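Residue numbers (UniProt numbering): 1 to 430.
For each residue, glycine too, the CB sits at the ideal point set by N, CA and C.
Just so it is clear, the structure is predicted and the values come from calculations on it, not from any experiment.
What follows is a set of notes on a single structure, which appears directly below.
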Amino acid sequence: MVGRLTEDQMDILENMIGSSPKSFKLLYSITRDGRSAADFHQRCDNQGPTVTVLYNPRGSIYGGYAGVSWQSSGGYTADDTAFIFQLLFSGKRVVNTFRPKNVSKALYFCHDDSPHFGAQDLKAFSKIVSLNTDGTFNLNGKLAVGTYYHSNNVTNENINNGIMVVTEMEVYAVSDEARKSPPKGTAWRKTPNLNAEYTSKMTEELSLIKPQSGRGITDFRLLLVGPIAAGKSSFINTVMSAFAGRVIHKASVGSSDNGLTNKYMPYPVRQEDGSCLNFRLCDTPGIGEHSAMDVVNLHFLLDGHLPNSFQFSHSHHVSTKTVGIPIVVILTKIDKLHEEIEDNLADIFKCQEIKAVVDQVSETLGIPPNHVFPVKNYHSEMETEVDMHGLALIALRKLICMASDVLEERISGSEDSLAESTAITESDTA
Ligand SMILES: Nc1nc2c(ncn2[C@@H]2O[C@H](COP(=O)(O)OP(=O)(O)OP(=O)(O)O)[C@@H](O)[C@H]2O)c(=O)[nH]1
Ligand SMILES: [Mg+2]
Numbered sequence: 001m002v003g004r005l006t007e008d009q010m011d012i013l014e015n016m017i018g019s020s021p022k023s024f025k026l027l028y029s030i031t032r033d034g035r036s037a038a039d040f041h042q043r044c045d046n047q048g049p050t051v052t053v054l055y056n057p058r059g060s061i062y063g064g065y066a067g068v069s070w071q072s073s074g075g076y077t078a079d080d081t082a083f084i085f086q087l088l089f090s091g092k093r094v095v096n097t098f099r100p101k102n103v104s105k106a107l108y109f110c111h112d113d114s115p116h117f118g119a120q121d122l123k124a125f126s127k128i129v130s131l132n133t134d135g136t137f138n139l140n141g142k143l144a145v146g147t148y149y150h151s152n153n154v155t156n157e158n159i160n161n162g163i164m165v166v167t168e169m170e171v172y173a174v175s176d177e178a179r180k181s182p183p184k185g186t187a188w189r190k191t192p193n194l195n196a197e198y199t200s201k202m203t204e205e206l207s208l209i210k211p212q213s214g215r216g217i218t219d220f221r222l223l224l225v226g227p228i229a230a231g232k233s234s235f236i237n238t239v240m241s242a243f244a245g246r247v248i249h250k251a252s253v254g255s256s257d258n259g260l261t262n263k264y265m266p267y268p269v270r271q272e273d274g275s276c277l278n279f280r281l282c283d284t285p286g287i288g289e290h291s292a293m294d295v296v297n298l299h300f301l302l303d304g305h306l307p308n309s310f311q312f313s314h315s316h317h318v319s320t321k322t323v324g325i326p327i328v329v330i331l332t333k334i335d336k337l338h339e340e341i342e343d344n345l346a347d348i349f350k351c352q353e354i355k356a357v358v359d360q361v362s363e364t365l366g367i368p369p370n371h372v373f374p375v376k377n378y379h380s381e382m383e384t385e386v387d388m389h390g391l392a393l394i395a396l397r398k399l400i401c402m403a404s405d406v407l408e409e410r411i412s413g414s415e416d417s418l419a420e421s422t423a424i425t426e427s428d429t430a
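Here you go:
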């Protein structure tokens, strides 16, 4: 198993360590090797310099570098090369290094502790970690940078979102060798150039797809479900824009604590000549603490029980029955990941940071990475942008193909009563 650290992140750590090119070899992974301090010490004691990396479910990555080997005993140990760092905060690249202010107390060695920097400036966990039902790990350690490490006025909340929960924790051995990096610019997902020729080929191809005849089904219904302000309505506008050849603002978009969309609304999509395509993009209210879109309503929606324009409210529920519906994740707002992406959208499949987020989403939701589609929606643009269309159409094609496969299966399979074929899309923020 190779670890989760991307080449870009290794480059950043290499610079922080600062002496020469570095290689990183995964020694310990909490998901692979066990969640006890004994599991950590068995793999990481006497291994020379190491870097510990914590990945939390809010999209933050942080950890610590130790320039000397971890040991099972010895208490406070000096290390003038140690530091605590952050690489990502809430999905955004935030790079900071926190150096020791008390070098003699930079590390703390104890058989009961996993990596422990300073006086719990960063302690991952003690003894054994409990596993949450969603597969995350409740580290019982602490992040309190500022005691024996300089905090540089960054709050701990702004490093770990105030939680010691992780989806993964890794410890790498760091050695003085140059990495055999994949050549820069290698794409992690093969896609054609996202140019005008490609988008026009895609729009033509998608305009020809129809539900299989035999059930009176006239269109595919593609359901957008996700948190408030994830960009569900914006994605609908982006797809509409790709087919219309101009920027469309049909679905209402904006930011509101309780969610902006408050209806289930299936939008038809039109081509430049005004003709409707054989699918509808179904907008729904965002899921959130104060939203009327709760689990009960979501189940009914998935069962196809909600009429068009159904107005969601906390007191208005329908009835239940569940069907297996394929899921595709539309990963919105990738332009917010870092500035270069905004300018080079066509290169996102070469960007290791996007790959890391795609892999993380895939792992967290238990769906294959090739069902996760990064997109950027129209938000401030005045003119159409062909690469944005390309990304949205790639996602749309997968949605329609999956809906078509399910429909075909159901038509050729048992004669159960099926009113319409639905593929569900989860939309999430990067
Ligand atoms: N930068 C950026 N902003 C986006 C993107 N997609 C959506 N937005 C912005 O995010 C905000 C919320 O977008 P909406 O499309 O209204 O989100 P929603 O999921 O429909 O939200 P609700 O209807 O409230 O659940 C708006 O201000 C959009 O302009 C994107 O890809 N990039
Ligand atoms: Mg909306």
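(message) Contact defined as beta carbons within less than 8 Å: I believe K398 pairs with I334. What is the distance between those atoms, to the nearest angstrom?
(response) Actually they are not in contact, since the Cβ atoms of K398 and I334 sit about 16 Å apart, beyond 8 Å.
(request) Can you give me the Cβ contacts of I287 inside the same chain, cut-off strictly under 6 Å, excluding the 5 residues immediately before and after it? (result) P227 and M293
(request) Taking D121 as the reference, give the member of H150, A244, I128 and I327 with the closest Cα. (result) H150
(message) Considering only their Cβ atoms, is the gap separating P49 from V174 smaller than 8 Å?
(response) yes
(request) Can you tell me the Cβ-Cβ gap for I12 and I209, rounded? I've got them flagged as a contact below 8 Å. (result) 43 Å between Cβ atoms; not a contact.
(message) Let me see if you follow: with CB-CB separation under 8 Å, is T261 close to chain B or not?
(response) As a matter of chain content, chain B is missing from the structure shown, which is built from one protein chain.
(request) Identify the continuous alpha helix (DSSP H) that holds C401 and give its terminal residues. (result) V386 to S412
(message) How far does the beta strand (DSSP E) with S23 in it extend, from its first residue to its last?
(response) S23 to S29
(request) Can you tell me which of H371, V225 and G216 puts its alpha carbon nearest to the alpha carbon of E408? (result) G216
(request) Measure the alpha-carbon distance for K40 versus Q71 and round it to whole angstroms. (result) A small correction: the amino acid at residue 40 is Phe; Lys does not occupy that position in the sequence shown. Computed Cα separation, rounded: 10 Å.
(message) Since L301 and L222 should fall inside the 8 Å C-beta cutoff, what is the C-beta to C-beta distance between them, to a whole number of angstroms?
(response) Not confirmed; about 13 Å, so no contact.
(message) By alpha-carbon positions, which one of S90, H299, E205 and D283 ends up nearest to I163?
(response) S90
(message) According to DSSP, is H379 part of a helix, a strand, or is it coil?
(response) coil
(request) State the Cα-Cα distance for the pair V53 and Q360, rounded to the nearest angstrom. (result) 14 Å
(message) Only counting the same chain, and skipping five residues up and downstream in sequence, which positions put a Cβ closer than 7 Å to that of H290?
(response) D257 and N258
(request) Consider the C-beta atom of D283 and the heavy atoms of ligand 4; say whether any pair is separated by less than 7 Å. (result) Absence of ligand 4 is noted for the structure shown, with ligand 1 and ligand 2 being the only ligands found.
(message) Ignoring anything shorter than 4 residues, give me the alpha helix (DSSP H) runs that lie fully in the region 198-259, in order along the chain.
(response) 232-244
(message) Can you find the residues in the same chain that come closer than 8 Å, C-beta to C-beta, to R280, ignoring five residues on each side of it along the sequence?
(response) D219, F220, R221, L222, P266, Y267, P268 and V269
(request) Take S126 as the anchor and find which of A119, A187 and D113 has the nearest alpha-carbon. (result) D113
(request) Give the single residue among N46, G75 and Y62 whose Cα lies nearest to the Cα of V68. (result) N46
(request) Could you tell me the distance, in whole angstroms, from the CA atom of N278 to the CA atom of S207? (result) 7 Å
(message) Could you compute how far the alpha carbon of I330 sits from the alpha carbon of T77?
(response) 47 Å
(message) Quick check: the Cα distance between M10 and I411, rounded to an integer number of angstroms?
(response) 50 Å
(message) For a minimum of 3 consecutive residues, which ranges assigned as the beta strand (DSSP E) are wholly contained in the region 345-378?
(response) 372-374
(message) What does the alpha-carbon distance come out to for the pair E197 and N56?
(response) 40 Å
(message) Please report the straight-line C-alpha distance between R43 and G75, rounded to a whole angstrom.
(response) 19 Å
(message) I'd like the list of long-range same chain contacts for T261, defined as Cβ closer than 6 Å, with 5 residues on each side in sequence excluded.
(response) S233, D283 and P285
(request) Confirm the yes/no value for this check: CB of T77, any heavy atom of ligand 2, distance under 7 Å. (result) no
(request) Starting from the Cα of D8, find the closest Cα among E353, T191, V145 and I394 and give me that residue. (result) E353
(message) Short of 8 Å in beta carbon distance, which residues of its chain neighbour F373, apart from the five on each side in sequence? Order them along the chain.
(response) V328, V329, I330, L331, L391, I394, A395 and K398
(request) May I ask you to list the residues that DSSP assigns as paired with residue 462? (result) With the chain running from 1 to 430 in the structure shown, residue 462 is simply not present.
(request) Run the CB neighbour count on M382, radius 10 Å, all protein chains shown included, and call it buried at 16 or more, exposed below. (result) exposed
(message) Suppose contacts are defined by Cβ-Cβ distances below 8 Å. Is Y172 in contact with V95 by that definition?
(response) no
(message) So, at 7 Å on beta carbons, what are the nonlocal neighbours of I84 in its own chain, with the 5 sequence-adjacent residues on each side left out?
(response) G64, F98, F117, D121, L122, V145 and Y149
(request) Over the uninterrupted beta strand (DSSP E) stretch that includes S9, give me the two end residues. (result) The sequence as given places Gln at residue 9; Ser does not occur at that position. Unbroken run through Q9 is the alpha helix (DSSP H), E7 to I17; no beta strand (DSSP E).
(message) Are there any heavy atoms of ligand 2 lying less than 7 Å away from the beta-carbon of G146, as far as the coordinates show?
(response) no
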